[in-house]
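Heads up: the sequence shown begins at 0 in numbering that gives the first Met the number 0, then just goes up one per residue.
Where is the CB? At the ideal position from N, CA and C, for every residue including glycine.
Data first, discussion second: the structure below is written as structure tokens.
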Amino acid sequence: MGEVKDRKILIVEDDRSFGAMLQKWFERNGFSAILCSGMVAAQEVLSQPDSCQVVLSDLRLPDGDGIMLLNWLNEKKKLMPVIIMTGYGEIQTAVSAIKLGAFDFLEKPINPEILAKKIEAAFDTRKENSTPPVKQQAEKKNEQEDNQFVEGQSPLSAQMYTHIDLVAPTQMAVMIIGESGTGKEHVARLIHTRSNRAKGPFIAVDCGSLSIELAPSELFGHKKGSFTSAIEDKTGFFREAHGGTLFLDEVGNLPYGVQMQLLRTLQEKKVRPVGTSTDLTVDVRIITATNENLEKAISEGNFREDLYHRLNEFMIKVPALRECTEDIPSYAHHFRKEANRELGRQVDFISPEALVALQNYGWSGNLRELRNVIRRAVLFTRGDSIIPNSLPVFTARKEESIPMSDISLYVEPEEEKEKILRALEQVGGNKTKAAILLQIDRKTLYNKMHQYNIGLKEV
């Protein structure tokens, strides 16, 4: 690779043996290398001026992931090339990271020759281009989406976003299903912004607030004087959404008497305002959402089957938060930043222990509940980091503890190793969570893993 004195690189890797090998390899090749075991530690290093020029980060970290670190760098305007290291089966996520602004990615096990080429290219890019790829890509992102939410990277979330991208360019009517608080309106807005109607209006309607008397007027409009309270002409939601998207939230609550009128409008693409005899043409794409079982409502006579099939040309399921626990750190950090802006606070971190507590909770209220918990935690946090004491008392835990605090010479080695393997399997290999389940500290866990040759990696 040649002489590269004074070139500084930050390695973010929670496997200390693998990270140490990387660090030694860089130092042998003339780099100044700093090793951090998690996202929070990396943020602390990166907060120091001139700490490094290139970041090499594992995708999966005990207190977040490489994509979250990438977003944090962009938010702090610390523009530098970031290379993401991925394990087997994570390439699609790495490609997503590239789209979000990562310079490149490396697949494990690391090939030293490929590593050398990519690191050299990263430093060359930094030298030649004062606006690194992180910023270039970030500026291309849809500003509305970036400000409103973050995309989960779990398998179920990735599947949902694939379906969104698939159906968005079409004119199909989409029905979004999912529990309360999962973000169904956000999904509807994404479909709109990624469609050819993005420049048109997006009109959201809460069907639960429409009474059988006022629903026709609210949806289709009315003429002044058509009924007692009609003191002026009303356009109606359909005509307001002309050329764009009409989102009918909780469509299962739509009064049965209005459902036939809605079906006629969808079939003929025309509305007739209350008090008139003239039909008006409308060009509207319909997206609906519900947390009810509409098929059951059909069998009970509360929802029209013909309308259901008209609205359900394509269905998207929004997963519950408890089904996507690996996304919780991303969402939590997003809500933390949102709460900082709203409350005028400066809480910069969420501790690994607090993240584990969040991931172990059941979240019956889904994202809405998580947002409220984080806002409260930001309000009550003293200092710059949310810790477990900042959170409400969580009682619904998803994982059983596997106590191992009595590890000693009196425990058979095979039994000890089995407990460690069970804990790692239960938490998907996350060492921080495994240590908490075993009721030991991370250092002890790492020592035991090395003792039993569990999960060791090689460059």
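Asked, Found
"Outcome for residue 40 when other beta-carbon atoms lying within 10 angstroms are tallied against a minimum of 16", "buried"
"Residue of 18, 288, 301, 173 minimising C-alpha distance to residue 311", "173"
"Three-state secondary structure (DSSP) of residue 316", "strand"
"For residue 34, the three-state DSSP class (helix, strand or coil)", "strand"
"Through-space distance from residue 104 to residue 8, alpha-carbon basis", "15 angstroms"
"Residue 383 burial status per 10 Å Cβ neighbour count (16 or more: buried)", "exposed"
"Selection from 52, 68, 180 that minimises the alpha carbon distance to residue 364", "180"
"Close beta carbons around residue 252, own chain, < 7 angstroms, minus the five adjacent residues each side", "206, 207"
"Through-space distance from residue 327 to residue 175, alpha-carbon basis", "21 angstroms"
"Enclosing beta strand (DSSP E) for residue 198 [first to last residue]", "Here residue 198 belongs to no beta strand (DSSP E), and DSSP marks it neither H nor E."
"Per-residue burial, residue 448 [other beta carbons within 10 Å of its own, 16 or more giving buried]", "buried"
"Buried/exposed call for residue 161, threshold 16 Cβ in 10 Å", "exposed"
"At least 3 beta-carbon pairs within less than 8 angstroms: the segment 24-36 vs the segment 287-296", "no"
"CB of residue 215 within 8 angstroms of CB of residue 152, strictly", "no"
"Option nearest residue 415 by Cα separation, candidates 167, 443, 293, 349", "443"
"Nonlocal neighbours in the same chain, by C-beta distance under 6 angstroms from residue 60, ignoring five residues either side", "13, 37, 38"
"Cβ of residue 198 within 8 angstroms of any chain C Cβ", "Going by chain labels, chain C is absent from the structure shown, which holds only one protein chain."
"Neighbourhood of residue 264 by C-beta, 6 angstroms cutoff - its chain only, sequence neighbours within 5 removed", "270"
"Euclidean distance between Cα positions of residue 284 and residue 343", "39 angstroms"
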